[in-house]
Structure formats: structure tokens, C-alpha cells
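What follows is one structure encoded as C-alpha cells, with my remarks underneath.
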Amino acid sequence: MSEGVAGRILLVDARTDYEDDRTWCFWDVEPTPFTHLARATWETWSVRSTDGTARATASATPYRCLSANDFYRFALDSLAASGRVEILLGAAAGDITTVGDHLAISVGDGSIEARRVVDSRGLRPGSAELEAARQTSTWLPQHFVGLHLRASRPVFDPSECTLMDFDVDQSAGLRFVYVLPLSPFEALVEDVSLSDPALTDDDHRRNLSDHLRERFGLGPDEYEIVSEERGCIPMTDHLFARRPRPGVTTLGTLAGATRPSTGYTFLRIQRSSRDLARALAAGSDGPADTVARRPLLDSIFLRFLAEHPERGPRVFHLMFARVRPDALIRFLSEQSTVLDHLRLVVALPKGWFLATAFRELAARSRRGHRR
Numbered sequence: 002m003s004e005g006v007a008g009r010i011l012l013v014d015a016r017t018d019y020e021d022d023r024t025w026c027f028w029d030v031e032p033t034p035f036t037h038l039a040r041a042t043w044e045t046w047s048v049r050s051t052d053g054t055a056r057a058t059a060s061a062t063p064y065r066c067l068s069a070n071d072f073y074r075f076a077l078d079s080l081a082a083s084g085r086v087e088i089l090l091g092a093a094a095g096d097i098t099t100v101g102d103h104l105a106i107s108v109g110d111g112s113i114e115a116r117r118v119v120d121s122r123g124l125r126p127g128s129a130e131l132e133a134a135r136q137t138s139t140w141l142p143q144h145f146v147g148l149h150l151r152a153s154r155p156v157f158d159p160s161e162c163t164l165m166d167f168d169v170d171q172s173a174g175l176r177f178v179y180v181l182p183l184s185p186f187e188a189l190v191e192d193v194s195l196s197d198p199a200l201t202d203d204d205h206r207r208n209l210s211d212h213l214r215e216r217f218g219l220g221p222d223e224y225e226i227v228s229e230e231r232g233c234i235p236m237t238d239h240l241f242a243r244r245p246r247p248g249v250t251t252l253g254t255l256a257g258a259t260r261p262s263t264g265y266t267f268l269r270i271q272r273s274s275r276d277l278a279r280a281l282a283a284g285s286d287g288p289a290d291t292v293a294r295r296p297l298l299d300s301i302f303l304r305f306l307a308e309h310p311e312r313g314p315r316v317f318h319l320m321f322a323r324v325r326p327d328a329l330i331r332f333l334s335e336q337s338t339v340l341d342h343l344r345l346v347v348a349l350p351k352g353w354f355l356a357t358a359f360r361e362l363a364a365r366s367r368r369g370h371r372r
């Protein structure tokens, strides 16, 4: 709304309420409307594997954590204050069709008419977009279950977060544990797997129980679960259409906002939302690029992880151990320079990635995709 978008807006959402169902994290490399809402901030983080622990500090660009509860409350208050946004909950949007000079969106037994539609429904099960991503590109789903827990004794260090702990069982594919300490007694602990087929939610919960016992000495009766979050982040270099038809613009995962090589999405969505709002305010349907582009380096890294999951822990450890923090943060936040890319290439095993690079170039040639 702050970009000057005119007219009335109807937000259609299948959910019936906005709950504290997820957590977003990002490096503070640029201003966002939500940065001030961060519930926790870390200037130091670590990555652990059987090769050791790589630790880094960056005071100028700390790692921040934002809860869904704070995000939703702020966003809903802002929308209500505008006086131009109506929210329709419990309504699942279906097919979008063109009818004359407008669009019709099926909702339940009826339909809604609009001049413009922003589609942010993600990759729905059984959708053509999901099947195309799985069949025509590199596909590596990132599944996770996270527990927001409160321990009976102080076992967490709130001055440092663990981005990836690979010193865990890797027999079912690439896996790590992510630990965000909120206080000495409280933390968000996530079990993350990059595999297809995925682990079950119960598998993830058992892994978390084992990790809390082995790493922090916490038995099941020594902590309470405040809340649980779960999800799947689609890591793919599929080329998603940003403007699939006149009047329709995609946003979020459906527009390719998820970083293929890491799964990071938050800052990408903030940027694309801002660009879309400016385009709509100027009378355009959306961004000039009708198809999201994929950098070659991202595709190579994603293909490497999909083909060689057993090498993932060593690669991530080397990346965080050998690349200076400011350069690595710029790369992970998509603000990297050519020099940053060179630093990354020098830090990683050349032979491993050269073979993958040749396979990726050959695959791109066969697909004939525009990159």
C-alpha cells in the first residue's frame, strides 16, 4: 500500500485464522517493513559437521528471526488502516479464467471478478506447475519439523545460533539440525532433510528428541513444547512464469522466489512484492521479466546437492569455514559480486563441482531454456 497502489483489494485465503505457524530468518543486509519486529538477533553463528565447527561473526549484518505471529499482526493492522483491503478467510481460490475484459476466480460454488490477480498460492499438489518443476528441472524438496521449546534448565547459548549441524545421522539423505536459541531456556530447534521421498513428521520428531538428548542433555521430561511448525520448501531451478496470462501475476514460490541452492525466500519475496506494488501503481500488470531467471551457479550447486547428498556436509562446512563472512552473507542474500563468486569457487572442491557444471550445462542445452 505504501507504494501507491490504487483501488480496492480483496485478499482470498484458504486458512480460517492467522496463527503463529512459522518463522522467517534473514541476514539484515537491507531494510524491510518487518525488520523492527525481529524477536531475536545473532551476530555469531556456526555450522557443524564431522570435520569440526565453523564459526563466524558479522556485527554489521546480523542474522534475525521473525515470528509469524508478529508478522501477521503488523501486516493485518497495516491493511486494516488502509481502509481499502477486504480479507476473505476460509475460501480456497480455484481456477482463474478470462471473461471478456476481466478475470474470474472460482471460489467454492461461486466466483469473484477482478481486473488484476496476484496469485501467491504456491506449488499446489497435483498442479501443472508442480509437475513441471519435478519433471523438467532439478528438484530437491527441503522438509522440516521445528519445535519451539522451553527447557527446565539453561542449556542454550542465546549469543550464537547454529545454522546447520550436520553431525547427525545422514543415512536417509542430506540432513541437518537448525538451532535458534531465544534465551538460555528457550529455543526453536528444527530437523531438516533434503531428500525425495521425504522423512515423515514422526521421523523428524524422533530425530529432534535424539538431538536434544545427545547435544543438550535434555530428556523428554525436561522440556515442554510451546508450538510446532512444519513445512516443505521446494528447492528447484525450474523457470516459473511470473505473468502466465494477461492480468495475472504470480508471487512467492509460484514466481520462483525460493532460492534454488539454499531455500532462502524471505528477502526475495520482500523485493518482488515491492517491485510488483510499484508496477501496479504505475498501471502495469507486473515485472518486465515474464519468466524468473536462474543463475548458473545456483543450478550447479542445487544439482550437486541432489546428485551427491553425502558430500553436502563437507561442502557447507568448507563454505562457512573458508569464505569470509561478509562475502558469504552477500552470496546467500543475493547481493554478491564477481569477487565473492570467485571466493566461493576457490573455497570448494574444484573436481566435484566441475563435473556437475558440465552436466548442468548439457542439461540446459537439451532443455533449451532461457537463463
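According to our numbering, the sequence shown is numbered sequentially starting from 2.
C-beta atoms are modelled at their ideal positions from N, C-alpha and C, and glycine is treated no differently.
None of the values given here were measured: they were computed from a predicted structure.
- By the CB criterion at 9 Å, R117 and G248 fall inside the cutoff.
- Judged by their CB atoms, V178 and F157 are not nearer to each other than the 9 Å cut-off.
- Bridge pairing for L150: A188 and I226 [DSSP].
- Around A41, the same chain offers C66, L181 and L183 as residues with beta carbons nearer than 7 Å, after the five sequence neighbours per side are excluded.
- Here V316 has L349 as same chain residues with Cβ atoms under 7 Å from its own Cβ, once five neighbours each way along the sequence are excluded.
- Look at D299 here: in three-state DSSP terms it is helix.
- Between V13 and I97, the C-beta gap is not smaller than 9 Å, which leaves the two residues out of contact.
- When C-beta atoms of the stretch 129 to 139 are compared with those of the stretch 16 to 29, fewer than three pairs fall below 8 Å, so the two segments do not count as touching.
- By the criterion of at least three beta-carbon pairs nearer than 8 Å, the stretch 340 to 347 is not in contact with the stretch 75 to 88.
- Excluding the 5 residues flanking it on each side, T139 has same chain C-beta neighbours closer than 7 Å at T237, D238, S300, L303, R304 and A307, in chain order.
- Residue range V86 to L90 is occupied by the beta strand (DSSP E) that includes E87.
- Between D168 and P314, the C-beta spacing is below 9 Å.
- When only Cα atoms are considered, P34 and A256 end up about 21 Å apart.
- Pairing C162 with W43 gives a Cβ-Cβ distance under 9 Å.
- Per DSSP, the beta bridge partners of F145 are V193 and G232.
- In this structure, V30 sits near R331, with a CB-CB distance shorter than 9 Å.
- Apart from sequence neighbours up to five positions away, the residues of its chain that approach A133 with a beta-carbon distance below 8 Å are H239, ordered along the chain.
- Counting along the chain, the unbroken beta strand (DSSP E) around R56 starts and ends at G53 to T58.
- For a cut-off of 8 Å, the C-beta gap from L38 to D71 is around 4 Å, short enough to register as a contact.
- If you draw a straight line from the Cα of D21 to the Cα of T54, it is about 32 Å long.
- Put simply, the backbone Cα of A93 is about 4 Å away from that of A15.
- Here DSSP, grouped into helix, strand and coil, assigns D29 to coil.
- S172 and L200 have their alpha carbons spaced roughly 11 Å apart.
- In the same chain as R206, and ignoring 5 residues on each side of it, the C-beta atoms closer than 7 Å to its own belong to V146, in chain order.
- L219 is positioned such that its CB atom lies no closer than 9 Å to that of P142.
- Burial of P326 is indicated by the presence of at least 16 other C-beta atoms within 10 angstroms of its C-beta.
- The three-state reading of DSSP puts F167 in coil, since its state is none of H, G, I, E or B.
- Under the three-state reduction of DSSP, A258 is assigned to coil, being neither helix nor strand.
- When L11, H149, R49 and D170 are compared, the shortest CA-CA separation from G84 is found for L11.
- The alpha-carbon separation between V48 and R9 amounts to approximately 47 Å.
- Non-local beta-carbon contacts of L104 in its own chain, meaning distances under 8 Å to residues more than five positions away in sequence, involve I97, T98, E114, A115, R116, R117, V118, G248 and V249 in chain order.
- The three-state reading of DSSP puts V180 in strand, counting E and B together.
- For Y73, the uninterrupted alpha helix (DSSP H) segment begins and ends at A69 to S83.
- Uninterrupted beta strand (DSSP E) stretches at least 3 residues long and entirely within the stretch 86 to 131 occur at 86 to 90, 94 to 100, 103 to 108, 111 to 115 and 118 to 120, given in chain order.
- The Cβ neighbour count for R151, taken over all protein chains shown within 10 Å, is under 16; the residue is labelled exposed.
- Taken through DSSP and simplified to helix, strand or coil, D238 comes out as coil.
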